[in-house]
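Here's the structure, in structure tokens; my notes come after.
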Amino acid sequence: MLKLNRGFNDNILITGVTGFIGRHVLYELINDFLQFNYSGEIILLIRGNSRADSFKRLKAILEHEYIPDYLRKFTLDDMLRNIKIIDGALGDDDLYDKINNSITNEKKLYVIHCAGSVNLFNNENAKSEIINNNFNGTQKLLDVLNNYTFKFTFISTAFSCGIVDGEIENDYSSYYGKSDFRNHYEQYKNTIEKIVIDYCSSRLIEYQILRPSVVVGRLIDTPLYYTSKFDVIYGWTKFFWHIRNNVGEDTIRIQMENTSKINVVPVDYVAKVIKNVFDSDIQFLNIVYPRSTVNRYMYGQMLKAIDLDKFVFVDDLPINLNKHEKFYYRLTHKVYSPYLNNIKNEYDTSYLKEIMDDDYIKEIDFINLAKFAIEHDFDDSKLSRV
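Using my numbering, the letters of the sequence shown map in sequence onto residues 33 to 418.
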């Protein structure tokens, strides 16, 4: 596996460090900075909230009960050694001043932009959230960095290509400007990618676009299975977790095409790839597993873990719905259906294989991923807050 060049002494700015991917990127970088005695700074844009100021939020991340075991050999002071906090958010009116008063322009700056909302709904509220947090936030971040020599790494999604057939390459240039997307989240990730490319290319700024697929809990670094939020595949399973004791004799018919499949990747794999490539000359990379997972297998395993057996997968939308089916199709299916049906992509991972050893490709243990969620009642608030 590749590592940062020894003697790395440039600065790194990370956004979204309180999020699932962002915090794991931070964990990886702290480990390398301390292990190899790097002299640069890891600069974090963190906004305090009603529960804690920005430092306390960072402290909660570094003292989290599920922090990777590889960091437990370090003290809190060790982990804070190379870190600088900018107390702020991408929406701040004074973001330019906060950035320029905190970061020297005497060193090259690597920007790893992880911040953003994952909202798969197709309503106007979702669109507004995506525009404000993802689109406007990225545009503003680029603008406030114009005094720096920097490289911009944008963490997008493998689904920013929209609805396409066949094997997907790392270069999405042929997908920009298309209109066939599953939701606003995909569409605006696609739009932002093009903005990043055009903005950086016109100013001779280095850029990089990295695209994880569906991100699940840890499978490489102990303690295993940790996730910070029960959404996406956990969100789908959560519906059935809440109704599991009330199903009675009803069988729930779940529309899910027999051949549909989706790519799933653990968060620690994603973070290790980001850590390994952000200072490389790679421009585009999908951070995915070598093979996509058949949906019926994946969700069948998740339902098995919650002890729900009164279900059957069907190819077509059922008729004469029972009360649980009506509930499911009204609330949950309309959000997840585009990822359960008419999707069967694989990805070109030939270059990814040169970056990550096969030892890091762990079998995805959906049963234990679900059990972690069960232990916390699929309730985000029961995880340690940051």
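Quick reminder that beta carbons are idealized off the backbone N, C-alpha and C, glycines included.
- N133 carries a helical assignment under DSSP once its states are collapsed to helix, strand and coil.
- Excluding sequence positions up to five before and after F106, its CB lies within less than 7 Å of the CB of L66, all in the same chain and listed in chain order.
- Closest by C-alpha distance to V344, out of P255, R285, S416, W268, is R285.
- The three-state reading of DSSP puts Y266 in helix, counting H, G and I together.
- Assigned with DSSP and collapsed to three states, E73 falls in coil, not helix or strand.
- DSSP, reduced to helix, strand and coil, places K221 within a helical segment of the structure shown.
- Take V247, set aside five residues on each side of it, and the residues of its chain with a beta-carbon closer than 7 Å to its own are F52, I53, V297, V299, V302, in chain order.
- Under the 10 Å beta carbon count, Y329 is surrounded by fewer than 16 other beta carbons and is classified as exposed.
- Between A405 and F262, the C-beta spacing is below 8 Å.
- The Cβ neighbour count for V264, taken over all protein chains shown within 10 Å, is at least 16; the residue is labelled buried.
- One Cα belongs to S82, the other to R89, and the distance between them is close to 11 Å.
- Per DSSP, F182 is one residue of the beta strand (DSSP E) stretching across 182 to 187.
- I351 counts as exposed, since fewer than 16 other beta carbons sit within 10 angstroms of its beta carbon.
- With a cut-off of 8 Å on Cβ pairs, the region 286 to 295 is not in contact with the region 212 to 227, counting fewer than three such pairs.
- Taken atom to atom, the span from the alpha-carbon of D409 to that of P244 is near 26 Å.
- If you draw a straight line from the Cα of N400 to the Cα of D126, it is about 44 Å long.
- According to DSSP, F343 shares a beta bridge with I284.
- Counting C-beta atoms within 10 angstroms of its own C-beta, G72 has 16 or more neighbours from the protein chains shown and is therefore classed as buried.
- Looking at the backbone, the Cα of G80 and that of F87 are separated by about 8 Å.
- By the criterion of a C-beta distance shorter than 6 Å, S416 is surrounded in its chain by H96, E97, once the five residues flanking it on both sides are discounted.
- Secondary structure note for V246: its beta strand (DSSP E) is the uninterrupted segment 246 to 248.
- By the Cβ-count criterion, L108 is exposed, with fewer than 16 other Cβ atoms from all chains shown falling within 10 Å of its own Cβ.
- If you look at K414, you'll find it isn't in any beta strand (DSSP E); DSSP assigns it neither H nor E.
- As computed with DSSP, P298 is found in a beta bridge with V248.
- Rounded to whole angstroms, the separation of the alpha carbons of V346 and S149 is 32 Å.
- Per DSSP, the unbroken alpha helix (DSSP H) holding V367 starts and ends at 365 to 372.
- Residue pairing for L317: DSSP places it in a beta bridge opposite L242.
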